[in-house]
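K.L.:
Below you will find the structure I want to go over with you.
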Amino acid sequence: MSDTALEDLGRQYSPTVAGLGIELGRSPATAPHLRSGDLRHDEMVDTRGTVRESWRGVGTALVRVGPAGLRDRARTVARLLADDGATYRAPTTGIERHWSLDPLPMVVDAEQWTGLERGLVQRAELLDHVLTDLYGERRLIAQGLIPPEVVYAHPGFVRQVDGVRLPSSRQLFLASTDLARDAAGAWRVLGDRTQAPSGAGYAMENRGVLSRALPGLYRGTGVHRIAPFFHTMRRALQRLAPEHGPARVVLLTPGAHSETAFDQAFLSSLLGFPLVEGADLTVRDGRVWQRSLSGLEPVDVILRRVDSDFCDPLELRANSRLGVPGLIEASRLGTVAVVNSLGSGVLENPGLFAALPRLCRAILGEDLRLDSAETFWCGQDDARRHVLASLDRLVIKPISRAAGSSVLGWTLDAAAREALRRRIDADPGAWVGQEALPMSTAPTLDGDALAPRPVTLRSFAVADGDSYELMRGGLTRVGRDRDSVVLSTARGAASKDVWVLSPAEVDPGAAGPARLVGTNGDDRVDLGPETLSAAVSPRVAHDLYWLGRYAERAESLTRLLRVVDNRWRDLHPAPEPALAECLVVLLQVLTTVTATYPGFVGEGSTRRLAAPEAELAIVIGSEDPDQDRIGSLAYDLRNLRQLATAVRDQLSRETWTVLAGLERGLAAVGAVGDRRDLDVTGGLNAIMQAILALSGLMSENLVHDEGWYLLDAGRRVERALQTVGLLRVGLTGAANRAADELVTESVLIAADSIITHRRRYPAGAGPGTLLDLLLRDPGNPRSVRFQRRRIDADLSAVGIDPVAVALAELDAALDRVPDPGATPDNDARATAVAALTTVEDRLLALHERVDAVHFAAAPPLQPLEQYAAASGAVPA
15 MSDTALEDLG RQYSPTVAGL GIELGRSPAT APHLRSGDLR HDEMVDTRGT
65 VRESWRGVGT ALVRVGPAGL RDRARTVARL LADDGATYRA PTTGIERHWS
115 LDPLPMVVDA EQWTGLERGL VQRAELLDHV LTDLYGERRL IAQGLIPPEV
165 VYAHPGFVRQ VDGVRLPSSR QLFLASTDLA RDAAGAWRVL GDRTQAPSGA
215 GYAMENRGVL SRALPGLYRG TGVHRIAPFF HTMRRALQRL APEHGPARVV
265 LLTPGAHSET AFDQAFLSSL LGFPLVEGAD LTVRDGRVWQ RSLSGLEPVD
315 VILRRVDSDF CDPLELRANS RLGVPGLIEA SRLGTVAVVN SLGSGVLENP
365 GLFAALPRLC RAILGEDLRL DSAETFWCGQ DDARRHVLAS LDRLVIKPIS
415 RAAGSSVLGW TLDAAAREAL RRRIDADPGA WVGQEALPMS TAPTLDGDAL
465 APRPVTLRSF AVADGDSYEL MRGGLTRVGR DRDSVVLSTA RGAASKDVWV
515 LSPAEVDPGA AGPARLVGTN GDDRVDLGPE TLSAAVSPRV AHDLYWLGRY
565 AERAESLTRL LRVVDNRWRD LHPAPEPALA ECLVVLLQVL TTVTATYPGF
615 VGEGSTRRLA APEAELAIVI GSEDPDQDRI GSLAYDLRNL RQLATAVRDQ
665 LSRETWTVLA GLERGLAAVG AVGDRRDLDV TGGLNAIMQA ILALSGLMSE
715 NLVHDEGWYL LDAGRRVERA LQTVGLLRVG LTGAANRAAD ELVTESVLIA
765 ADSIITHRRR YPAGAGPGTL LDLLLRDPGN PRSVRFQRRR IDADLSAVGI
815 DPVAVALAEL DAALDRVPDP GATPDNDARA TAVAALTTVE DRLLALHERV
865 DAVHFAAAPP LQPLEQYAAA SGAVPA
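In structure tokens, the structure reads:
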């Protein structure tokens, strides 16, 4: 690629950058960080419009692919993210949306990163010293280096963990820092994340997606890998175990509805540690245990993603249902290590910013390498007067994130500014004022063109021995607008992968397995392979069981819908009475099997049978979850995805590619609406292919442990129920003999047994052959008898016996189903249908027994506020 092409790229992009101050010029009262004439630092080009050396590889790729190629890469990125199931749930609305990744990386050259890395490691070490002191001797407060109000008035300071220490030289396990560049290009700290830092999983997802979407550019650029960071984290977590030997480490999550649930589940998979919720854990005899189907398993280390005050309702927030009662006491006794340490959220306090330079000199004996955005804590008189006099140009922040979000002073009218002034005067120590940074910009795809957008960088550091290892990369957030000040995923910010260049060529290939080591005095000892049992909690077992049921339910409904669609298309070119009668029976069974009442059997069914298009569209479902009818295909598929999300750490990564195929197939079918021809064959076929792929993954790619056996048992129970439902229709049949034969054939097609039936019974189908193949045949994978044997094998493998009675009752019901013979004897058929109803009842009773025996979760936590109010022992 010639230098001329890069110069053209710089000229095309740089006028937007060079004119940024003028284009975005505001009066100083409305946008102080974007005054007319000021220039922001741009990551790709310098002030002359020349592409920086570190960006030449990316710039060359941009010139080569052109706008059309870049748009194509963006579509690839979006598809890969969807295939991986990467999502983010907005905390205010609860709406889950796909993770957003810009196809252009954020590039940081080796020299810049070296300086930044030193500053971030120093900051982590400094914050670790502060954390250790605040929950220890508190000399920093006694010596006047930290104002006591900054600590004691901050909700992140947890008095109940005073004196609790990790078995490590470092008490701050994970340190995350948000940074941005100022106008001169220097990195400045915007905030620290030490409570339960999020984003490391998203960073790894971004790297995986971009390396696949831009393979040539990625492999041709000397980019540091970020996988070693996770190897270090895994090793460091193992070392925190209070006892020697392999440690049981778990990741404590708020649950599948957390805004960063994907990040947590993906991190769990990367580290190889189970994802647990508070209800999965219990404290007995001063130790934390994980509930499992076979009993209790000891837990040594908890990597938490639940905020401190929610972690123990016994001593902290009494109304929390996310924590583990007694967790703090277990921490005091040293039987479990919780990281980040409970109470580490106090370090997220921006009121500490002004004190950090003198703390660094006092503790580390050196100057602070990374300055913060200039911050004024209102608890000091001079700083408060400055903030109150400058409300129209500062970002005003509460010292606690729990107290609210940042306020952009220049966006307030006079009345709002006065109200804010009164709030600060009433509680000055709870507020800081911060100068707004003219954050650097980076090229970002905006429609068909590149546009400069402000960016921030989140770094990640993990305690490794006596110091910290930094992820050589991170998570970049990109503003939606050029004048964005607060870049937040919750507010719609996109992300970028961070490419840290190496002075030497870096192999971007996969890393070998990390060597897990423990400590034995000062010696490092190889722990060898894991020898821990794979504990499956009742919650996870329940979700896996229902994952199997909904997967089978969706498959059965898709097969039935395909039969209905085929009969519908056959009817219209050449209407036949028998075919029309068969279609009526199939439509009625569709309502009965799915329970999508009133449908084709309830009030108004005559009208809907005459024009079934609209009702069929409802049974299929739409792209809008709020419009789903319970029992529709869309309802089943969305429940399937939600259950998969809840047990993401149990599933292979390929599962999400398959689930994305289900979503695409549903979108194609749902878009049909109530078109008269209802041409949904392609969409239903795509859904069926994805469901079959999912069944293959669940059968062949998952370890056959207790969870898998219950997942398979769920599939078998559901398949048996669906088959019984089809048999009842097949035996009820139609009044017309030709229509009856079509109904029987349709049942066999829907049960995926038509070819076997034709080979075995050349004389044709009848009630007897139908029952023989779909009810009694132990060798037919679709028969009820086959499902009963698999259920028995699955539940026996789990090792609990109390379902034997329910299985015996099911056997007896199967044996009592009479053979109505080959003739259309209505009385004989009615007797068989009644017997099949009993089989269905026995299957439901079996399900209830499995639910009672295997999924007996701990009783829900009861809020303690009433006791706290009476005794004052627990804060309200």
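Residue 357 in my numbering sits at position 343 of the sequence shown, with consecutive numbering throughout.
The beta carbon of each residue, even a glycine, is placed where N, CA and C say it ideally should be.
#1: Grab the span of the beta strand (DSSP E) containing Met120 for me, first residue to last.
#2: Throw me the rounded Cβ distance for the Thr669 and Leu711 pair, which I believe falls under 8 angstroms.
#3: Three or more beta-carbon pairs under 8 angstroms between the region 469-489 and the region 130-148, yes or no?
#4: From the DSSP output, which residues share a beta bridge with Ile316?
#5: Between Ala477 and Arg184, which are expected to be in contact by the criterion C-beta below 8 angstroms, what is the C-beta distance as a whole number of angstroms?
#6: Can you list, in chain order, the residues of its chain whose CB lies under 6 angstroms from that of Ala397, leaving out five sequence neighbours each side?
#7: Apart from the five residues on each side of it in sequence, which residues of its chain come closer than 6 angstroms, Cβ to Cβ, to Ser322?
#8: Shortest alpha-carbon distance to Asp294 belongs to which of Glu566, Arg804, Leu307?
#9: Please report the distance separating the alpha-carbon of Val607 from that of Asp754.
#10: Restricting to runs no shorter than 4 residues, where is the alpha helix (DSSP H) found entirely within the region 775-799?
#11: Note down, in chain order, each residue of its chain lying with its Cβ closer than 6 angstroms to the Cβ of Leu154, except the 5 sequence neighbours on either side.
#12: Pick from Leu515, Gly835, Leu724, Leu654: whose alpha carbon is nearest that of His238?
#13: Starting from Leu703 and walking both ways along the alpha helix (DSSP H), at which residues does that stretch end?
#14: Between Val603 and Ala811, what straight-line distance do the alpha-carbon atoms span, to the nearest angstrom?
#15: Could you pull the DSSP bridge partners for Phe390 from this structure?
#16: Kindly indicate which three-state DSSP category Ser636 falls into: helix, strand or coil?
#17: Which residue wins for smallest C-alpha separation from Arg678, given the options Leu708, Ala658, Ala704?
#18: From Phe614 to Thr783, what distance separates their C-alpha atoms?
#19: So what's Ser345 in DSSP terms, helix, strand or just coil?
#20: Check Arg93 in the structure and name its three-state DSSP category.
#21: Quick one: Cα of Leu858 to Cα of Thr746, how far?
#22: For Gln157, which three-state DSSP category applies?
#23: Quick one: which unbroken beta strand (DSSP E) runs of 3-plus residues sit fully inside the region 99-140? Chain order, please.
#24: Can you give me the C-alpha to C-alpha distance between Ser502 and Asp511, rounded to a whole angstrom?
#25: Using only the alpha-carbon positions, how far apart do Gly739 and Asp719 sit?
#26: Closest to Ala748 by C-alpha separation, out of Val554, Pro591, Asp766, Leu361, would be which residue?
#27: Please list the terminal residues of the continuous beta strand (DSSP E) segment that includes Thr458.
#28: State the DSSP-derived secondary structure class of Asp192, mapped to helix, strand or coil.
#29: Within 10 angstroms of its Cβ, does Thr610 collect 16 or more other Cβ (buried), or is it exposed?
#30: Can you list, in chain order, the residues of its chain with a C-beta nearer than 6 angstroms to that of Arg643? Leave out the 5 residues immediately preceding and following it.
#31: Can you name, in chain order, every residue of its own chain whose Cβ lies under 6 angstroms from the Cβ of Arg863, other than the five neighbours on each side?
#32: Cutting at 7 angstroms between CB atoms, please list the residues of its own chain near Cys374, excluding the five before and the five after it.
#33: For Val598, which option in Arg486, Gly170, Arg622 has the closest C-alpha, if you only look at C-alpha atoms?
#34: Whose CA, out of Leu186, Arg436, Ala507, lies closest to the CA of Thr470?
#35: Relative to the C-alpha of Arg856, which candidate in Glu823, Pro832, Gly835 has its C-alpha closest?
#36: Is the distance from the Cβ of Asp557 to the Cβ of Leu706 below 8 angstroms?
P.N.:
So, from the data block:
#1: Start and end: 120-122.
#2: 6 angstroms
#3: yes
#4: Val264, Val352
#5: 4 angstroms
#6: Phe390, Trp391
#7: Val172, Leu356, Gly357, Gly359
#8: Here the closest residue by C-alpha is Leu307.
#9: 19 angstroms
#10: Fully enclosed alpha helix (DSSP H) runs of 4 or longer: 781-785.
#11: Excluding residues within five positions, the ones whose Cβ falls inside 6 angstroms are Asp147, Ile160.
#12: The shortest Cα separation from His238 among Leu515, Gly835, Leu724, Leu654 belongs to Leu515.
#13: Checking the sequence shown, residue 703 turns out to be Gln, not Leu. Gln703 -> alpha helix (DSSP H) spans 695-714.
#14: 35 angstroms
#15: Answer is Gly447.
#16: coil
#17: Ala704
#18: 28 angstroms
#19: Note: Ser345 maps to helix in three-state DSSP.
#20: Arg93 falls in the helix class under three-state DSSP.
#21: Taking the Cα positions, Leu858 is about 22 angstroms away from Thr746.
#22: coil
#23: 101-103, 110-112, 120-122
#24: 16 angstroms
#25: 31 angstroms
#26: Considering only alpha carbons, the answer is Pro591.
#27: Per DSSP, Thr458 belongs to the beta strand (DSSP E) from 455-460.
#28: Reduced to three states, the DSSP call for Asp192 is strand.
#29: buried
#30: Thr610, Ile632
#31: Val817, Ala820
#32: Apart from the 5 residues on each side of it in sequence, Cys374 sits with its Cβ closer than 7 angstroms to the Cβ of Leu140, Glu380, Asp381, Leu382 in its chain, given in chain order.
#33: Arg622
#34: Ala507
#35: Among Glu823, Pro832, Gly835, the Cα nearest to that of Arg856 is on Glu823.
#36: no
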